[in-house]
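First comes the structure, then the notes that go with it.
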Amino acid sequence: MATTDNSGKKLVLSYDTELIQNYIQGEIVSPKNKFEALQTKDGHTLLFGIDSSNVFHVIEESSGQHSTGWAQIDLSTTTISSQLPGKKDATVRTFDVGQSALDQTIGMAMAVRVEGKDNLFVSLKNSNSDTAWTKKPEWTLVPFDAANETQSSITVAGIWFAETDSQKQYLVVDVDRAGSSTIKDIARYYVDPSETSGSRWVKHDVPVDIAAGSYQSCIG
């Protein structure tokens, strides 16, 4: 850009700009072996996982509210203490989260191991616009009650959320078929937490022997 001073001399002014990428010190998180991501209505991220202390948590993106822009919230400890009191060995083994295609609400499920037995907890119909529920989620214990089953305890191998064309949400849960056998083949159940009469766990077994930990399921 050219200009002149008071004496009439011609001056040349040049300039340039540079976009600098800035970083802010964050916090170390310790996912154990699984995490899943969902999104709130306003586009913020929710990262669910189990940490190295076997605590189920969510890391919520919260721009302008925390120094790092993220907040880690414990989802399991209070519920375990209240619904399984005195069980010091209780740990979260696995989990799943799902966002309904019908109303975009968020569902959570976790398998809590205590005294050699897994317990299934579910939390459904959580808002995707107001995430205040993460501070105190409402969990429901869904005991294993499949008809004509004799297992005194179960070991959960996997959990998935699913929805039907008739707008019904349910869970697919795989468990260790034999319980104590060294061969960990799975048995599959559909779980409807809203069922008020009859069994909430209904067997829908797989057609072949599938060993736990050696397969992936894509629930349609």
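Position 22 of the sequence shown, counting from 1, maps to 22 under full-length UniProt numbering, and the rest follow consecutively. Ideal Cβ positions, reconstructed from N, Cα and C, are used throughout, including at glycine. Quick caveat, the model's predicted, so the values are computed rather than measured.
Shortest alpha-carbon distance to residue i belongs to which of the options?
i       : options                           : result
Ser-81  : Glu-36, Val-55, Asp-96 and Ala-71 : Val-55
Arg-200 : Leu-171, Ile-210 and Val-208      : Leu-171
Thr-196 : Pro-143, Thr-182 and Phe-35       : Pro-143
Trp-139 : Gly-107, Gly-86 and Gly-116       : Gly-107
Thr-79  : Ala-109, Gly-116 and Gln-99       : Ala-109
Asp-174 : Ser-217, Lys-168 and Leu-141      : Ser-217
Trp-160 : Thr-94, Asn-119 and Ile-154       : Thr-94
Please confirm whether residue i and residue j have their CB atoms less than 7 Å apart.
i       : j       : result
Val-122 : Leu-84  : no
Val-58  : Ala-111 : no
Ala-128 : Lys-41  : A small correction: the amino acid at residue 128 is Asn; Ala does not occupy that position in the sequence shown. Yes; because the gap between Cβ atoms is below 7 Å, this pair is in contact.
Ile-210 : Ala-162 : no
Leu-102 : Gln-151 : no
Can you find the residues in the same chain that come closer than 6 Å, C-beta to C-beta, to residue i, ignoring five residues on each side of it along the sequence?
i      : result
Thr-91 : Asn-54 and Arg-113
DSSP three-state call for residue i: helix, strand or coil?
i           : result
Trp-133     : helix
Gln-83      : helix
Thr-68      : coil
Thr-91      : strand
Gly-196     : The amino acid occupying residue 196 in the given sequence is Thr; Gly does not appear at that position. If DSSP states are grouped into helix, strand and coil, Thr-196 belongs with coil.
Thr-78      : helix
residue 223 : Because residue 223 is not part of the residues shown, which for the chain are 1 to 220, the question remains open.
Once the 5 residues before and after residue i are set aside, which same chain residues still bring their CB inside 7 Å of it?
i      : result
Glu-61 : His-44, Thr-45, Gly-69 and Trp-70
DSSP puts residue i in a beta bridge; with which residues?
i       : result
Leu-171 : Phe-161 and Val-191
Glu-36  : Phe-48
Glu-149 : Partner(s): none; Glu-149 has no beta bridge.
Gln-99  : Ile-106
Lys-185 : Reading off the sequence shown, one finds Asp at residue 185, where the question assumed Lys. Partner(s): Ala-211.
Ile-73  : Val-58
Just checking residue i against the ligand MN - is the residue's beta carbon closer than 6 Å to any of the ligand's heavy atoms?
i       : result
Ala-162 : In terms of ligand content, the structure shown is empty, and the ligand MN therefore cannot be addressed.
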